[in-house]
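Reading through the C-alpha coordinates given below for one structure.
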Amino acid sequence: MTGEVAMGLELFGIDPETNEEGSPTVWADLAQRRLVIQSDTVTGAQLAEVSETEWVAGHGVGVPSHESVISIPERMIPFIRKACDAVERAGLQDSAPGDDEVGRASGDA
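Residue numbers (the working numbering): 30 to 138.
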(Lines of atoms letter the chains of each structure in order from A and count residues from 1; the text may use other names and numbers.)
(Lines give C-alpha, C1' and ligand atoms only; values in the text may rest on other atoms or scores of the structure.)
Protein backbone atom coordinates (compact mmCIF):
# COMPACT_ATOMS: atom_id res chain seq x y z
CA MET A 1 0.00 0.00 0.00
CA THR A 2 2.74 2.49 0.91
CA GLY A 3 4.16 4.39 -2.02
CA GLU A 4 1.14 4.31 -4.35
CA VAL A 5 0.98 7.55 -6.35
CA ALA A 6 -2.15 9.28 -7.65
CA MET A 7 -2.52 12.88 -8.90
CA GLY A 8 0.71 14.07 -7.29
CA LEU A 9 0.00 12.45 -3.93
CA GLU A 10 1.92 9.47 -2.61
CA LEU A 11 -0.02 7.18 -0.28
CA PHE A 12 1.81 6.32 2.94
CA GLY A 13 -0.86 4.49 4.86
CA ILE A 14 -4.46 3.91 5.69
CA ASP A 15 -5.77 3.00 9.14
CA PRO A 16 -5.30 -0.77 9.44
CA GLU A 17 -8.41 -0.92 11.62
CA THR A 18 -10.56 0.85 9.05
CA ASN A 19 -13.93 -0.20 7.77
CA GLU A 20 -15.38 0.62 4.36
CA GLU A 21 -16.77 4.02 5.42
CA GLY A 22 -13.84 6.42 5.44
CA SER A 23 -10.69 6.08 7.42
CA PRO A 24 -7.65 7.98 8.56
CA THR A 25 -5.22 8.15 5.63
CA VAL A 26 -1.81 9.77 5.13
CA TRP A 27 -0.47 11.06 1.82
CA ALA A 28 2.48 13.27 0.91
CA ASP A 29 2.68 15.80 -1.90
CA LEU A 30 6.43 15.72 -2.48
CA ALA A 31 6.39 18.51 -5.07
CA GLN A 32 4.68 20.89 -2.64
CA ARG A 33 6.47 19.37 0.40
CA ARG A 34 3.25 18.89 2.35
CA LEU A 35 1.43 16.13 4.17
CA VAL A 36 -2.21 15.55 3.33
CA ILE A 37 -4.13 13.82 6.11
CA GLN A 38 -7.69 12.55 6.33
CA SER A 39 -9.06 11.77 9.77
CA ASP A 40 -11.92 12.46 12.14
CA THR A 41 -12.91 16.10 12.53
CA VAL A 42 -12.49 17.43 16.07
CA THR A 43 -15.77 18.67 17.54
CA GLY A 44 -17.30 19.54 20.88
CA ALA A 45 -15.14 20.26 23.90
CA GLN A 46 -11.87 19.54 22.08
CA LEU A 47 -12.68 21.98 19.29
CA ALA A 48 -13.76 24.58 21.84
CA GLU A 49 -10.45 24.19 23.68
CA VAL A 50 -8.46 24.54 20.47
CA SER A 51 -10.54 27.50 19.30
CA GLU A 52 -10.62 29.43 22.55
CA THR A 53 -7.02 29.08 23.75
CA GLU A 54 -4.18 31.46 22.90
CA TRP A 55 -1.58 28.74 22.38
CA VAL A 56 1.18 31.15 21.35
CA ALA A 57 1.43 34.61 22.88
CA GLY A 58 0.31 37.26 20.42
CA HIS A 59 -1.19 34.73 18.01
CA GLY A 60 -4.93 34.97 17.54
CA VAL A 61 -7.38 32.42 18.81
CA GLY A 62 -9.82 30.46 16.72
CA VAL A 63 -9.58 28.24 13.67
CA PRO A 64 -9.59 30.09 10.35
CA SER A 65 -12.36 29.10 7.96
CA HIS A 66 -9.83 27.64 5.50
CA GLU A 67 -8.35 25.28 8.13
CA SER A 68 -9.59 22.16 9.92
CA VAL A 69 -8.70 20.49 13.20
CA ILE A 70 -8.49 16.72 13.02
CA SER A 71 -7.78 13.90 15.44
CA ILE A 72 -5.31 11.23 14.38
CA PRO A 73 -5.20 7.81 16.06
CA GLU A 74 -1.88 6.69 17.54
CA ARG A 75 -1.72 3.75 15.13
CA MET A 76 -1.26 6.27 12.26
CA ILE A 77 2.01 7.67 13.68
CA PRO A 78 4.29 5.26 11.74
CA PHE A 79 2.68 6.34 8.45
CA ILE A 80 3.05 10.01 9.38
CA ARG A 81 6.74 9.50 10.23
CA LYS A 82 7.39 7.87 6.85
CA ALA A 83 5.54 10.66 5.03
CA CYS A 84 7.46 13.32 7.00
CA ASP A 85 10.76 11.67 6.09
CA ALA A 86 9.80 11.56 2.39
CA VAL A 87 8.79 15.23 2.35
CA GLU A 88 11.99 16.20 4.12
CA ARG A 89 14.09 14.19 1.64
CA ALA A 90 12.27 15.87 -1.27
CA GLY A 91 13.13 19.25 0.20
CA LEU A 92 16.77 18.33 0.67
CA GLN A 93 17.00 17.11 -2.94
CA ASP A 94 15.60 20.43 -4.17
CA SER A 95 17.99 22.57 -2.09
CA ALA A 96 21.56 23.31 -3.03
CA PRO A 97 24.11 23.19 -0.19
CA GLY A 98 24.07 26.49 1.69
CA ASP A 99 20.81 27.51 -0.02
CA ASP A 100 18.71 27.56 3.17
CA GLU A 101 15.54 29.67 3.21
CA VAL A 102 15.42 32.62 5.60
CA GLY A 103 13.39 31.79 8.67
CA ARG A 104 13.52 28.03 8.20
CA ALA A 105 14.50 26.20 11.36
CA SER A 106 17.27 23.67 11.04
CA GLY A 107 15.77 20.33 10.04
CA ASP A 108 12.47 21.81 8.79
CA ALA A 109 11.41 20.83 5.30
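Note that beta-carbon positions come from the ideal geometry of N, C-alpha and C, so glycine has one too.
Query, Result
"Within 8 Å, strictly: CB atoms of Leu64 and Val98", "no"
"Cα-Cα separation between Val90 and Ala74, rounded to whole angstroms", "15 Å"
"For Trp56 and Leu149, believed in contact at Cβ under 8 Å, the rounded distance", "Only positions 30 to 138 of the chain appear in the structure, and residue 149 is not among them; the question remains open."
"Alpha carbon of Ala119 to alpha carbon of Glu81, nearest angstrom", "36 Å"
"Residue(s) in a DSSP beta bridge with Thr54", "Ile43 and Gln67"
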